[in-house]
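Student: Pasting a structure here, questions to come.
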Amino acid sequence: IFSVKANPTEFDFKSYMLEKISMVNQALEAAVPVREPIKLHEAMRYSLLSGGKRICPIVCLASCHLVGGDDSAALPSAVALEMIHAMSLMHDDLPCMDNDALRRGRPSNHVVFGQYGTVLAGYALIAAAFEHIATATQGVAPAAILRVIGEIAGLIGPEGVVAGQVVDLQCGGKSVGLEELEYIHLHKTAASVEAAAVAGAVLGGACEEEIDRLRRYSRCAGLLFQVVDDILDVTKSSEELGKTAGKDMVAGKATYPKVVGMEKSREMAEELKREAEEQLLGFDPIKAAPFIALLNFIAYRDK
Ligand code: GRG
Numbered sequence: 054i055f056s057v058k059a060n061p062t063e064f065d066f067k068s069y070m071l072e073k074i075s076m077v078n079q080a081l082e083a084a085v086p087v088r089e090p091i092k093l094h095e096a097m098r099y100s101l102l103s104g105g106k107r108i109c110p111i112v113c114l115a116s117c118h119l120v121g122g123d124d125s126a127a128l129p130s131a132v133a134l135e136m137i138h139a140m141s142l143m144h145d146d147l148p149c150m151d152n153d154a155l156r157r158g159r160p161s162n163h164v165v166f167g168q169y170g171t172v173l174a175g176y177a178l179i180a181a182a183f184e185h186i187a188t189a190t191q192g193v194a195p196a197a198i199l200r201v202i203g204e205i206a207g208l209i210g211p212e213g214v215v216a217g218q219v220v221d222l223q224c225g226g227k228s229v230g231l232e233e234l235e236y237i238h239l240h241k242t243a244a245s246v247e248a249a250a251v252a253g254a255v256l257g258g259a260c261e262e263e264i265d266r267l268r269r270y271s272r273c274a275g276l277l278f279q280v281v282d283d284i285l286d287v288t289k290s291s292e293e294l295g296k297t298a299g300k301d302m303v304a305g306k307a308t309y310p311k312v313v314g315m316e317k318s319r320e321m322a323e324e325l326k327r328e329a330e331e332q333l334l335g336f337d338p339i340k341a342a343p344f345i346a347l348l349n350f351i352a353y354r355d356k
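The opening position of the sequence shown corresponds to residue 54 in the UniProt record's numbering, with each subsequent residue numbered one higher.
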């Protein structure tokens, strides 16, 4: 959505992502093996192992590395964050919420396993996520593990992702202002990225200032993701004029272009990217490269 496309960096983001995605996928596979009750574990694995960009796990691993920690310290939390992400998508697709029959190009979880199967597999994934952090994290002080559990629970719970989802559903179809829209996305989307960045930083032994910087970076990156998503929804729909309009346009969902217009939405995206980049000043630029590349990936993606 920005006019200048390339960022002159030597960093090979694609190889970096593929390497980390493979590491996370292997750990996810091992963390949720098929066991009794078989249908429950199959439902958990169906959504957990069905692709996805793995953005939260990668932010968690990169944050840990940025402040001097090893991947091994952050991997169990990275896995846990993806379990939580998977359950939130599974529940979001349910008929009582967004009512989506497709996810990542496949039938949604409830279409395959039924509604109670999805609800229970979602609960199982949240519990498994926290169990995994508590039992699989090694080489990290217990106080840091406790802080990570508290931070993640706080950011996904009634003042985090769940709050964002509730307000989003309450606003469904109504016209909302910029403040409400920002509340929804800061909670529903950015809070998970924030949890990932903070968890990784804490596990890597960061100081409070480093944690704060990564917190601010991830909030901006999460909002940027959403602003770009909304802009792409408009550009895709106009490209597809004559075909079917984008789902969100049909559903009358509040988006940045609808609330502030296209021009201002682009300005906001640029400002969020700039603010996120600013938080990285002072860190080792080589270790910070994945964070810059991630912003470019979010800003310049076309879907
Ligand atoms: C978290 C306890 C708890 C409950 C869940 C249903 C619900 C409450 C929240 C919905 C949250 C939701 C659907 C947020 C949207 C987040 C988002 C931007 C999803 C798309 O993420 P991508 O593009 O997806 O990273 P992939 O497929 O790449 O993993």
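From the three backbone atoms N, C-alpha and C, an ideal C-beta is built for every residue, glycine too.
How many angstroms separate the CA atom of residue 86 from the CA atom of residue 154?
Tutor: So the alpha carbons of these two residues sit roughly 26 Å apart.
Student: Measuring only from the beta carbon, is residue 150 closer than 7 Å to any heavy atom that is part of the ligand GRG?
Tutor: For the ligand GRG, at least one heavy atom lies less than 7 Å from the Cβ of residue 150.
Student: Figure out for me which residue from 132, 146, 191, 160 has the closest Cα to the Cα of residue 180.
Tutor: Selected option, being the one with the closest Cα: 132.
Student: Helix, strand or coil for residue 297 per DSSP?
Tutor: For residue 297, the pLDDT reaches just 45, beneath the cut-off of 50, and the residue's location in the model is therefore unreliable, although a value from the coordinates is still provided. In the structure shown, residue 297 sits in coil (DSSP, three-state: anything other than H, G, I, E or B).
Student: Return helix, strand or coil for residue 363, following the three-state DSSP convention.
Tutor: No information on residue 363 is available, as it lies outside the stretch 54 to 356 that the chain covers here.
Student: What's the call for residue 296, buried or exposed, on a 16-neighbour Cβ count within 10 Å?
Tutor: Residue placement at residue 296 is poorly supported in this model, since its pLDDT is 49, which falls under 50; the coordinates still yield a value, given next. With fewer than 16 Cβ atoms within 10 Å of its Cβ, residue 296 is classed as exposed.
Student: Once DSSP output is grouped into helix, strand and coil, what is the label at residue 302?
Tutor: With a pLDDT of only 45 at residue 302, under the threshold of 50, the placement of this residue in the model should not be trusted, and no figure is reported.
Student: What are the partner residues of residue 160, as DSSP defines its beta bridges?
Tutor: For residue 160, which the question treats as bridged, DSSP gives the partners 155.
Student: Once you ignore the five residues that flank residue 186 on each side, which residues in its own chain have a CB closer than 7 Å to its CB?
Tutor: Around residue 186: 129, 130, 133, 198, 201, 202.
Student: For the alpha helix (DSSP H) that contains residue 343, what are its first and last residues?
Tutor: 338-353 is the extent of the alpha helix (DSSP H) around residue 343.
Student: Under a three-way DSSP split, which group does residue 71 fall into?
Tutor: Note: residue 71 maps to helix in three-state DSSP.
Student: Locate the alpha helix (DSSP H) running through residue 98, then write down its first and last residues.
Tutor: Start and end: 91-101.
Student: Looking at the secondary structure, which residues open and close the alpha helix (DSSP H) in which residue 228 lies?
Tutor: Here residue 228 belongs to no alpha helix (DSSP H), and DSSP marks it neither H nor E.
Student: Three or more C-beta pairs closer than 8 Å, one from the stretch 113-128 and one from the stretch 64-80: is that the case here?
Tutor: With a cut-off of 8 Å, the stretch 64-80 and the stretch 113-128 count as touching, because enough Cβ pairs lie within range.
Student: CB-CB under 8 Å to residue 193, same chain, minus the five flanking residues each way: which ones, in chain order?
Tutor: Excluding residues within five positions, the ones whose Cβ falls inside 8 Å are 126, 256.
Student: For the alpha helix (DSSP H) that residue 170 lies in, which residues bound it at each end?
Tutor: Here the alpha helix (DSSP H) through residue 170 covers 168-189.
Student: Since residue 274 and residue 347 are thought to touch, with beta carbons under 8 Å apart, how far apart are those beta carbons, to the nearest angstrom?
Tutor: Their Cβ separation, rounded to whole angstroms, is 7 Å, which keeps residue 274 and residue 347 in contact under 8 Å.
Student: Using only the heavy atoms of the ligand GRG, determine whether one of them is closer than 7 Å to the beta carbon of residue 242.
Tutor: Flag set: Cβ of residue 242 near the ligand GRG.
Student: In the DSSP assignment, the alpha helix (DSSP H) including residue 251 goes from what residue to what residue?
Tutor: From DSSP, the alpha helix (DSSP H) with residue 251 extends over 244-256.
Student: Regarding residue 314 and the ligand GRG, is the C-beta to nearest heavy atom distance less than 7 Å?
Tutor: No - the ligand GRG has no heavy atom lying nearer than 7 Å to the Cβ of residue 314.
Student: Using a 10 Å radius around the Cβ and a threshold of 16 neighbouring Cβ atoms, would you call residue 90 buried or exposed?
Tutor: Exposed, by the Cβ-count rule.
Student: Does the structure place the stretch 265-283 close enough to the stretch 324-332 that three or more beta carbon pairs sit under 8 Å?
Tutor: With the cut-off at 8 Å, the stretch 324-332 and the stretch 265-283 touch.
Student: Roughly how far, in whole angstroms, is the beta-carbon of residue 96 from the beta-carbon of residue 182, given that I think they are within contact range, below 8 Å?
Tutor: Not quite, the Cβ-Cβ distance comes to about 15 Å (not below 8 Å), so this is no contact.
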